[in-house]
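Enquirer: Let me begin by handing over the structure; questions about it come next.
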Amino acid sequence: DTEVTQTPKHLVMGMTNKKSLKCEQHMGHRAMYWYKQKAKKPPELMFVYSYEKLSINESVPSRFSPECPNSSLLNLHLHALQPEDSALYLCASSQKAGGPDTQYFGPGTRLTVL
Amino acid sequence: KNQVEQSPQSLIILEGKNCTLQCNYTVSPFSNLRWYKQDTGRGPVSLTIMTFSENTKSNGRYTATLDADTKQSSLHITASQLSDSASYICVVSPSGGSYIPTFGRGTSLIVHP
């Protein structure tokens, strides 16, 4: 099983809402990532979790709050977002952070902030 | 500053033809280079991954090459199919403590019947 799943597929939220994105993998990977991708641009790294601990935060605003409850799950909690936060949010995993391992990406959550 | 430049930005070819996409990078020290295919609105799918010692790697009709001396890579697609229409992204990762990958902006490929 080389699949990374993400829910929901689409999300529309207002600027005062609180919502969460979920990501799951069962490949035994110990590194998980959140990326943000705007249209016609490459993915931008947001967070890296290594062995369930946050190892990299690429200066992401605090309205995005990641959480790694266990080695298979990764959440991204959203609160008080802005319309410019609308994008495709991608989750990825790899065997470990920092090695020459393939990052497997999920299908993404298309987020629209009104 | 680590950079990954891809060319061409976009490419249109006829079904059945071959094409080659280019990737030049300045990432140092080098760990690995990956090529991904991304359909519109979907997550990227890995095609190949190469480390310093690898010159060529194939995955079906996709063949990637790496010249670590000149810091160049290419992705060759043979006998293109309509389903090859997508964005192809080159991603280069450094070795050492900072392993944050650098993404290229991608080449948008359109295959016409």
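Which chain is which? The protein sequence lines are A and B, in order.
Everything in the first sequence is counted per the numbering used here, starting at 1 for the first residue and increasing by one.
Everything in the second sequence is counted per the numbering used here, starting at 1001 for the first residue and increasing by one.
C-beta atoms are modelled at their ideal positions from N, C-alpha and C, and glycine is treated no differently.
Treat the numbers as computed from the prediction; the structure is a model and nothing was measured.
1. In angstroms with no decimal places, state the Cα-to-Cα distance between residue 102 (chain A) and residue 1100 (chain B).
2. Give me the residue from A:46, A:85, A:20, A:92 with the minimum Cα distance to residue 5 (chain A).
3. Report the CB separation of residue 88 (chain A) from residue 108 (chain A) in whole angstroms; it is logged as a contact under 8 Å.
4. Note down, in chain order, every chain A residue with its Cβ under 8 Å from the Cβ of residue 1044 (chain B).
5. Counting pairs of Cβ atoms below 8 Å between the region 1037–1056 of chain B and the region 1065–1080 of chain B, do you hit three or more?
6. According to the Cβ coordinates, are residue 1109 (chain B) and residue 1033 (chain B) closer than 8 Å?
7. Going by beta-carbon coordinates alone, are residue 1062 (chain B) and residue 1046 (chain B) separated by less than 8 Å?
8. Assuming residue 74 (chain A) contacts residue 13 (chain A) (C-beta within less than 8 Å), just tell me the rounded distance between them.
9. With the cut-off set at 8 Å, would you say residue 1070 (chain B) and residue 1003 (chain B) are in Cβ contact?
10. Would residue 102 (chain A) count as contacting chain B if we go by Cβ distances under 8 Å?
11. For the ligand MN, is there a heavy atom less than 7 Å away from the beta-carbon of residue 1082 (chain B)?
12. By the criterion of Cβ-Cβ separation under 9 Å, what are the contact partners of residue 28 (chain A) in chain B?
13. Measure how close the beta-carbons of residue 1081 (chain B) and residue 1023 (chain B) come, nearest whole angstrom, since I'm counting them as under 8 Å.
14. Can you give me the Cβ contacts of residue 1007 (chain B) inside the same chain, cut-off strictly under 6 Å, excluding the 5 residues immediately before and after it?
15. Per DSSP, residue 53 (chain A) is paired with what?
16. Just to make sure I have the definition right: I need the residues of chain A whose C-beta is within less than 7 Å of the C-beta of residue 1089 (chain B). Which are they?
17. So, is residue 36 (chain A) buried or exposed, given that buried needs 16 or more other C-beta atoms within 10 angstroms?
18. Which residues in chain A have a C-beta closer than 7 Å to the C-beta of residue 1030 (chain B)? List them in chain order.
19. Please report how far the alpha carbon of residue 1029 (chain B) lies from the alpha carbon of residue 43 (chain A), in whole angstroms.
20. Which full runs of the beta strand (DSSP E) of 3+ residues lie inside the region 1024–1060 of chain B, going along the chain?
21. Could you check which residue in A:77, A:84, A:56 has the C-alpha nearest to that of residue 66 (chain A)?
Expert: Looking at the coordinates:
1. 13 Å
2. A:92
3. 5 Å
4. 43, 90, 105
5. yes
6. no
7. Contact: no.
8. With 8 Å as the limit, residue 74 (chain A) and residue 13 (chain A) do not qualify as a contact, their Cβ atoms being about 19 Å apart.
9. no
10. yes
11. Ligands displayed in this structure: none; no statement on the ligand MN is therefore possible.
12. Ordered by position in chain B, no residue passes the 9 Å Cβ test against residue 28 (chain A), which lies about 17 Å from the chain.
13. The beta-carbon separation of residue 1081 (chain B) and residue 1023 (chain B), rounded to 22 Å, does not stay under the 8 Å limit for a contact.
14. 1022
15. The partner list for residue 53 (chain A) (beta bridge, DSSP) reads A:50.
16. 42
17. buried
18. Annotation: residue 1030 (chain B) has no Cβ neighbours in chain A at a cutoff of 7 Å; minimum Cβ distance is about 10 Å.
19. 22 Å
20. Fully enclosed beta strand (DSSP E) runs of no fewer than 3 residues occupy 1030–1038, 1045–1051, 1056–1059 of the region 1024–1060 of chain B, in order along the chain.
21. A:77
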